Amino acid sequence: MALSTQPVEQRGPPGTVPDLLDLKLVFVTGKGGTGKTTVAAALAQLAALHGKRVLLCEGDGKGDVASLFETAPTDFDAREVAPGVFAMSMDTEASLREYLKLNLRIPVVGRIGPLAKAFDFVATAAPGVREILTVGKFCYEVRERHYDLVIVDAPATGHIIGQLAAPQVINDLVKVGLIRSQTHWMLDILSDPAITGLVAVTTPEEMPVLETLELAEKVVKETTVRLSAVVVNRVLPELFGRSEEEIFELLRQPELTETLSVRAGGDVEPLMEGARLAVTMRRTRAAHLERLRQGLGTSVPIFYLPYLFTRFHGLRTTRQVAASLGEELGF
Amino acid sequence: MSAERARGKPAGRGASRRRHAATPPPAATPRRPREGSLDGLFAAKEIVIVCGPGGVGKTTTAAALAAQAACHHGGKVLVLTIDPAKRLADALGLSGIGNTERRIPNEVFSDAGVNPRGELWAAMLDAQQSWDELVRRHAPDAETKKQILANPLYRNISGRFVQSHDYIAMERLYEIHSEGDYDLIVVDTPPTRNALDFLDAPQRMADFFSSRLLRWLIVPYRSRLVNFASKPFYQIADRILGTQFLADISEFFILFQSMYDGFVERAESVTRLLSDRRTTFMVVSTLEPTPMREAEFFARELVQRDLHLGAIVLNKVLPDYFGDPAAAKVAQTMHERAPELAEDLPTDAGQTARVLEEVSESFLNFSVVARREAEQQAELATSPEVLATVPFFDADIYDMGGLLRLGDKIWA
């Protein structure tokens, strides 16, 4: 893999990283399966608990945000799903409708059917058009100060760059026209590290870590957005200190395991095996975390969230993750 | 001799028995005993499309099963990975697998202590290169070819935007399959926003080129004649995108139109190949709630579309003992009476008690997850003939040895 061994160099002087919750626009991305939607929801919940009015935007319309707050499915019009947390899901047609209404003062009543189709078409063909409608909506909400903080449950690591780079792409390809004239203020918002930040969610596993490091490089090279933080999700607990681990190894010897089984009234072998698995998994993962830390260098803060031994994911987990995140951010 | 070898290749492409997508979707498949094995499935098919939500180990599973097929069935097996994150090379211990297929050297296998009967080949989709090849193939003349390849819109569409991966992935599969070089092709699908995007991609591409809207876009550039129906569209498009950009788009499409016939025909062939009975789909997931929900949706959708759902593979499943009630009871006892259990052992009693508390606590924690997973597994709505589970590996898979160990667990 073509990863440089140098830590990521970000623009801007070091030590000026604003706190996550002081930003105005936060994109949360991550490799599939790392829990980026949960982290986005938890961040929104945490900000709301600290008195902020938060807009949480779901980018891919899978409906996960609704289940994380135990509410009805979200749509383009934001709705309060928890005190202070407003949720919406991105819809390019609705975004276009809003855009036309605001910018051209075209009265768009009812369905804009053929026009939307035509635009869908142009958007499929012309690079950046769909992305600009999406990113434009987020930037618009920031510019209009409807909320204190806009959090985007953004596309996965493989797709996020295309979205964040859209204003530049449009800038390069489109020479005149309304869209072109609007890329400037979007770029102003996206390029200001005090306003906009990207949060990458990963797990302490090999591939997610590698993808996060790849992303960190690409963000610097291809976009103007700052990588504000990396959140490591599902960190397994440390079971033993060093001397305890020595004792554990002794206890795993057949005679002692046998003694323990007699005393506990049943076979303790599965318990020992389970603990060994947990210890090995934690150790393998520690190596990946080390690689992550070295790759990111000191310019990107890393926050850690514990593995949750829970049943299903819903408001309960959202609140638990928000609490852990709050501790990590120093609240 | 394997069934695959004995059957041989069909004489010609037209001879293949096709199941057309037009046939009505069958009712949901009733639950039936899962008797098949991946061994059997892979021996009977020519194309295995590995799909599922992101982050569940699709790439690794695809590579592991392709390696098994090369070892057990012989012949030439290709694993085609389309993931833009380019991970197959890592798992195979090869760096820089390119758009063209490369054979995994025998040493990679012999280092892992295996002497495969067949050959394992690997290729990784380079979207840009594949698009360029497509243009070279379909462009009517050298001049058009040059203009398309140099067009700024073309470079952006083909390289940067992920949707184009979906189409090109299926296109590349078709291309390789129709060259007839491989007995089996295992395809690792791109991570899509919607796991079904790649299934629709060929049809979308065909629709795109035959669309009335495309003609609208092209007309004004050619003749500047604007008809009544399309006038409002131009007015708005002009104001938003600017005339120049529209002209650029038009030029691009006029160039692309010259490849229309080739493209549409191609897209239709690709769609046919996906529903051919030599093709099967394998859904990979973990038992975590979100991936599981996506995987179930995907499995249902495949059945609905009359595509062959050959297997479901569940990755990273916790060991059975975590779900054992007897063991959980022992863990509870240990947790409650740790100091007592730690007495009179040749180790420090206080520390030992802490260790036992941790051991039992950890067990009880994992057993919550294991029981939820077991229930989810039992509830799997769509049941293909093969349901395989891969245990949680405590170490990473980073070489052929690891891939083979993983494959062994689920193969037979």
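Quick note, the sequences are listed as chains A and B, same order. Just add 1445 to the spot in the first sequence (first one is 1) and you have this note's numbering. Just add 774 to the spot in the second sequence (first one is 1) and you have this note's numbering. Think of the CB as a built atom: it goes at the ideal place given N, C-alpha and C, for glycine as much as any other residue. Computed from a prediction, not measured in an experiment: that's the story for all the values here.
Within chain B, no C-beta atom comes nearer than 7 Å to that of M1631 (chain A); the closest sits roughly 15 Å away. For T1647 (chain A), the number of other beta carbons within 10 angstroms of its own is at least 16, and it is reported as buried.
Between A1116 (chain B) and A1123 (chain B), the CB-CB gap stays under 8 Å. Within chain B, the C-beta atoms nearer than 8 Å to that of I1692 (chain A) come from T1121, D1122, Q1125, T1126 and V1129, in chain order. Interface with chain A (8 Å Cβ-Cβ cutoff): N925 (chain B) is excluded. Interface flag for G1176 (chain B) against chain A is unset, since no Cβ pair is found closer than 8 Å. Taking 8 Å as the threshold, the shortest C-beta distance from N873 (chain B) to chain A does not fall below it. Pairing V882 (chain B) with A836 (chain B), the inter-Cα distance amounts to about 17 Å. Inter-residue distance for L1643 (chain A) and L1722 (chain A) is about 34 Å (C-alpha atoms, whole angstroms). With 16 or more neighbouring CB atoms inside 10 Å of its own CB, Q842 (chain B) falls in the buried class. Judged by DSSP in its simplified three-state form, L1470 (chain A) adopts strand.
Interface criterion not met: the Cβ of L1750 (chain A) is under 8 Å from no Cβ in chain B.
Rounded to the nearest whole angstrom, the CA to CA distance from L923 (chain B) to I1634 (chain A) is 34 Å. A1162 (chain B) places its beta carbon less than 8 Å from that of A1085 (chain B).
Per DSSP, the beta bridge partners of M1056 (chain B) are B:V824 and B:A1085.
Below the 7 Å Cβ cutoff, chain A contributes F1754 as neighbours of V1143 (chain B), in chain order. DSSP lists A:E1503 as the bridge partner or partners of S1534 (chain A). Taken atom to atom, the span from the alpha-carbon of K920 (chain B) to that of Q903 (chain B) is near 15 Å. In this structure, L1681 (chain A) keeps its C-beta atom at 8 Å or more from the C-beta atom of L1737 (chain A). Taking a contact to require three or more Cβ pairs closer than 8 Å, the region 1028-1046 of chain B and the region 1139-1150 of chain B do not qualify as touching. When rounded, the separation of the alpha-carbon atoms in K1476 (chain A) and V830 (chain B) is 10 Å.
Only residues of its own chain outside the window of five on either side were considered, and among them V1619 have a CB closer than 6 Å to the CB of R1625 (chain A), listed in chain order.
For the set B:R910, B:N889 and B:M1033, the Cα lying nearest the Cα of A980 (chain B) is the one of B:M1033.
In the DSSP assignment, G1711 (chain A) is bridged to no other residue.
Remark: three or more beta-carbon pairs, one from each stretch, lie closer than 8 Å, so the region 817-827 of chain B and the region 949-959 of chain B are flagged as touching. The residues S1032 and M1033, in chain order, have a CB closer than 8 Å to that of P914 (chain B) in the same chain once the five nearest residues on each side in sequence are set aside. DSSP lists B:L854 as the bridge partner or partners of A897 (chain B). Not a single CB atom of chain B sits nearer than 8 Å to the CB of M1535 (chain A). According to the DSSP secondary-structure assignment, G1642 (chain A) is paired through a beta bridge with A:V1471.
Burial is judged here by how many other beta carbons sit within 10 angstroms of a residue's own beta carbon; H1629 (chain A) has fewer than 16 and is exposed.
Less than 8 Å divides the Cβ of L815 (chain B) from the Cβ of T1054 (chain B). Cα atoms of L1547 (chain A) and D1598 (chain A): separation of roughly 25 Å, rounded to the nearest angstrom. Contact between the region 1651-1665 of chain A and the region 1600-1615 of chain A is established, with three or more Cβ pairs separated by less than 8 Å. Nearest to R1708 (chain A) by alpha-carbon distance, out of B:L1076, B:E1114 and B:P890, is B:E1114. Under the 10 Å beta carbon count, A1486 (chain A) is surrounded by 16 or more other beta carbons and is classified as buried. Residues of the region 1092-1106 of chain B with a C-beta atom less than 8 Å from some C-beta of chain A are P1093, Y1095, F1096, D1098, A1100, A1101, K1103, V1104 and A1105, listed in chain order.
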